[in-house]
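Have a look at the structure below before the remarks.
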Amino acid sequence: MDQQQPCPEPSEAQHIVCARCGRAADGEGTPATWTYSMENGHRRYYCDDCARANIRSIESRLDSTWW
Ligand SMILES: [Zn+2]
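Rendered as structure tokens:
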């Protein structure tokens, strides 16, 4: 999984919400079990449950709007 962020943004990291179910991340930054994908230049985060359910879609970089 790609958990490395080349350019971390602390101000953004405090408000991570799952792009699919809207669940807020626990604690600060991105939980290790969460993942994200780049879509149209924007970084979308997904909680562990959603990431697991949609891992193939995320890895294939399909846009999430069709979900
Ligand atoms: Zn979720």
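Those letters in the sequence shown? Residues 778 to 844, by this note's numbering. Every residue gets a Cβ at the ideal spot worked out from N, C-alpha and C, and that includes glycine. No experiment lies behind these values; they were computed from the predicted model shown.
Exclusion of the five residues before and after Ala801 leaves Val794 as the residues of its chain whose Cβ lies within less than 7 Å of its Cβ.
Between ligand 1 and the CB of Arg800, the shortest heavy atom gap is smaller than 6 Å.
Within the same chain, no Cβ atom closer than 8 Å to the Cβ of Ala830 is found once the five residues on either side in sequence are excluded.
In the three-state reduction of the DSSP assignment, Ser814 falls in the strand class. The alpha-carbon separation between Ile832 and Asp826 amounts to approximately 10 Å.
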